[in-house]
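Engineer: Taking numbering that gives the first Met the number 0, the leading residue of the sequence shown gets 0, the next gets one more, and so forth.
This structure is in structure tokens; I'll ask about it shortly.
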Amino acid sequence: MKLLSKLLSIALLSTLAGFSLVASAEEYLVEVVFFGQPSAPLVQGSNPELDWEVDAVDLENTARTDVRAIDQTRYRLSDQARKLEQNGYQIYLHQAWSQPLDNDLVVALHRGNPENGVYPIQGLVNLRQATLTELKVAFWRNRSAAELQLQSETPLISEFLHQTRALRPGEVHYLDHQSLGMLVTISR
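Set out below in structure tokens:
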């Protein structure tokens, strides 16, 4: 009877360890560097909606344990971001986090102080699995027309980068826009 009990305990522990490995294999590390192109003309895009993050998980304020920010010492794109800065690019946001691969999960990122619900830098990231691992991003750089010394019908001028891209884990991908750019990497 003791032998049967020990065998069942070992089998149960092996099963739990197997579930743990499967769960951790489904966890992804996502890192983005959002930046401005040097000397690029302002390319005005659509302004964000005031409820831009309503269905998203705010990385800075989430209580979810399966979506969490990663310490900057673990960033993989730090060297690339430094090289961009040395070449005159302006880094607006550099963030990394871990998350499960969940087609319905959208992560919201932002920097700066919001004015009327709009941050100077804000973005949405959705990592999903179709036939390939796919990343969908929507990022805004928002400035006032007064700050830009522009005469405009709207007080807010936004640059908007919006792309969907199939990604291979472990590779660095470049998303291009006329005045903005983004480096993205995902890994398991």
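Ideal Cβ positions, reconstructed from N, Cα and C, are used throughout, including at glycine.
Nearest to Y91 by alpha carbon, out of T130, V32, E25?
Structural biologist: By one-based count along the sequence shown, residue 91 stands at place 92. Checked all of T130, V32, E25; the closest Cα to Y91 is V32.
Engineer: What do you reckon, are the CB atoms on Q43 and I156 nearer than 8 Å?
Structural biologist: Position 44 of the sequence shown holds residue 43. Position 157 of the sequence shown holds residue 156. Against a cut-off of 8 Å, the Cβ pair of I156 and Q43 comes out as a contact.
Engineer: Between which two residues does the beta strand (DSSP E) harbouring D175 extend?
Structural biologist: The sequence position of residue 175 within the sequence shown is 176, counting from 1. Counting along the chain, the beta strand (DSSP E) containing D175 begins and ends at 171–175.
Engineer: Which same chain residues end up closer than 7 Å to H109 when comparing Cβ atoms and leaving out the 5 residues on each side of it in sequence?
Structural biologist: Position 110 of the sequence shown, counted from the first residue, corresponds to residue 109. So the list reads Y118, I120, Q121, once near-sequence residues are dropped.
Engineer: Classify P40 as buried or exposed, calling it buried when 16 or more other Cβ atoms lie within 10 Å of its own Cβ.
Structural biologist: Your numbering for residue 40 matches position 41 in the sequence shown. By the 10 Å Cβ count, P40 comes out exposed.
Engineer: Counting only runs of 3+ residues fully inside the region 76–160, write out the beta strand (DSSP E) ranges in chain order.
Structural biologist: Complete beta strand (DSSP E) runs here, min 3: 89–99, 105–110, 120–128, 132–143.
Engineer: Classify Q162 as helix, strand or coil using the three-state DSSP reduction.
Structural biologist: Here residue 162 is taken as the residue at index 163 of the sequence shown, counted from 1. Strand.
Engineer: Could you check the C-alpha separation between D70 and E152 for me, to the nearest Å?
Structural biologist: Within the sequence shown, the letter at position 71 stands for residue 70. Within the sequence shown, the letter at position 153 stands for residue 152. C-alpha separation (whole angstroms): 41 Å.
Engineer: With distances taken between CB atoms, is the gap from R140 to E158 smaller than 8 Å?
Structural biologist: Your numbering for residue 140 matches position 141 in the sequence shown. Your numbering for residue 158 matches position 159 in the sequence shown. Yes; because the gap between Cβ atoms is below 8 Å, this pair is in contact.
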